[in-house]
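Trainee: In the working numbering, the protein residues as written are 8 to 291.
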């Protein structure tokens, strides 16, 4: 859901948090601050993560609320050893998610994580031994992951490969921004190929060979084609479509099952907001 307001003189010179709370009195200040911290708020078309920022008369405030009930999460695969879900946007990979999923399962443990705005396949183990198995498989690059992203601008090359070093480059109010650094950072490798080109955007398939923080978001930005909706790694976009979130989707997982030792390939369909963006781009 998207909210838009223009700040009147009578509402100016208060904090962004206070302004929005006045407009949305049914939501707690904690909830609203969480949206601002997550990057869902824009002031004068620029992402604003600081809840204490003063709003000025005439500024346009936009709030993209991305929320999903944990109870509505779809199960893609489940057996006695593992659980794979299709994580919606707006869900954080934390203890709240684990506890909710554990209501129907005696124990589930996060094996890896997806960013809050990223949708798609998330793998959970049902024992510590299974978790250890997958940690080793991820370390040995034996788990194959593919993501779909809609990025800014038109990429002419059909495919490519990116390899560099990533690490923290900026810290602010508890947030850490990662980026390309020297060899003191963590080696990150991604291969990609074009799925479809539009007038001002490109649909990509991304294959991360490593799993570093924000790797795909940084690598696409490094290419000069940031993911639509990713205002952390892009100051501006050529594409006019305004995505309500980072349009990145964990599409497939391929791995050897820890107990059966058979190869398992799982897939999650694109979410509705992703399809809506593709449809809009197709008609422009």
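Every residue, glycine too, gets a C-beta built ideally from N, C-alpha and C. Treat the numbers as computed from the prediction; the structure is a model and nothing was measured.
Do residue 207 and residue 246 have their beta-carbon atoms positioned less than 9 Å apart in this structure?
Mentor: For residue 246 and residue 207, yes; Cβs fall inside 9 Å.
Trainee: Should residue 168 go down as buried or exposed, given a rule of 16 or more other Cβ atoms within 10 Å for buried?
Mentor: Residue 168 should be labelled exposed.
Trainee: From residue 231 to residue 87, what does the alpha carbon distance come to, in whole angstroms?
Mentor: Distance between the alpha carbons of residue 231 and residue 87 is about 44 Å.
Trainee: Assuming residue 188 contacts residue 174 under a Cβ cut-off of 8 Å, what Cβ separation, rounded to an integer in Å, is found between them?
Mentor: Confirmed, Cβ separation roughly 4 Å.
Trainee: Please give the ranges of any alpha helix (DSSP H) in the stretch 214-238, keeping only runs that are unbroken, at least 4 residues long and fully inside the region.
Mentor: Qualifying alpha helix (DSSP H) stretches, in chain order: 222-229.
Trainee: Going by DSSP in three states, residue 43 sits in which element: helix, strand or coil?
Mentor: Here residue 43 sits in helix by DSSP.
Trainee: Determine the extent of the alpha helix (DSSP H) in which residue 140 is found, giving its start and end residues.
Mentor: That run of the alpha helix (DSSP H) goes 135-146.
Trainee: Exposed or buried, residue 226, counting other C-beta atoms within 10 Å across all chains shown (16 or more means buried)?
Mentor: When all chains shown are included, residue 226 counts as buried.
Trainee: Let me know if residue 126 comes out buried or exposed under the rule of 16 or more other beta-carbons within 10 Å of its beta-carbon.
Mentor: When all chains shown are included, residue 126 counts as buried.
Trainee: Spell out the partners DSSP gives residue 159 in its beta bridges.
Mentor: Residue 159 pairs with 208.
Trainee: Tell me, which residues are paired with residue 167 by DSSP?
Mentor: DSSP, once it has assigned bridges, lists 199 as partnering residue 167.
Trainee: Alpha carbon to alpha carbon, what distance is there between residue 248 and residue 97?
Mentor: If you take the alpha carbons of residue 97 and residue 248, they lie about 20 Å apart.
Trainee: What's the C-alpha gap between residue 182 and residue 124?
Mentor: Each residue's alpha carbon lies about 15 Å from the other.
Trainee: Quick check on DSSP: helix, strand or coil for residue 262?
Mentor: Looking at residue 262 - three-state DSSP - the assignment turns out to be strand.
Trainee: Can you tell me which of the three DSSP states residue 294 falls into?
Mentor: Outside the modelled stretch of the chain, which goes from 8 to 291, sits residue 294, for which no answer is possible.
Trainee: With DSSP run on the structure shown, which of helix, strand or coil describes residue 114?
Mentor: Three-state DSSP puts residue 114 in coil, outside helix and strand.
Trainee: Under 8 Å Cβ to Cβ from residue 135, same chain only, skipping five residues before and after it: list those, please.
Mentor: The answer, listed in chain order, is 116.
Trainee: Among residues of its own chain, excluding the 5 on either side of residue 171, which ones have a beta-carbon nearer than 6 Å to its beta-carbon?
Mentor: Here the set comprises 187.
Trainee: Measure from the alpha carbon of residue 236 to the alpha carbon of each residue in 259, 71, 11, then state which is nearest.
Mentor: Considering only alpha carbons, the answer is 71.
Trainee: Would you kindly work out how many angstroms separate the C-alpha atoms of residue 161 and residue 212, rounded to a whole number?
Mentor: When rounded, the distance between both Cα atoms is 14 Å.
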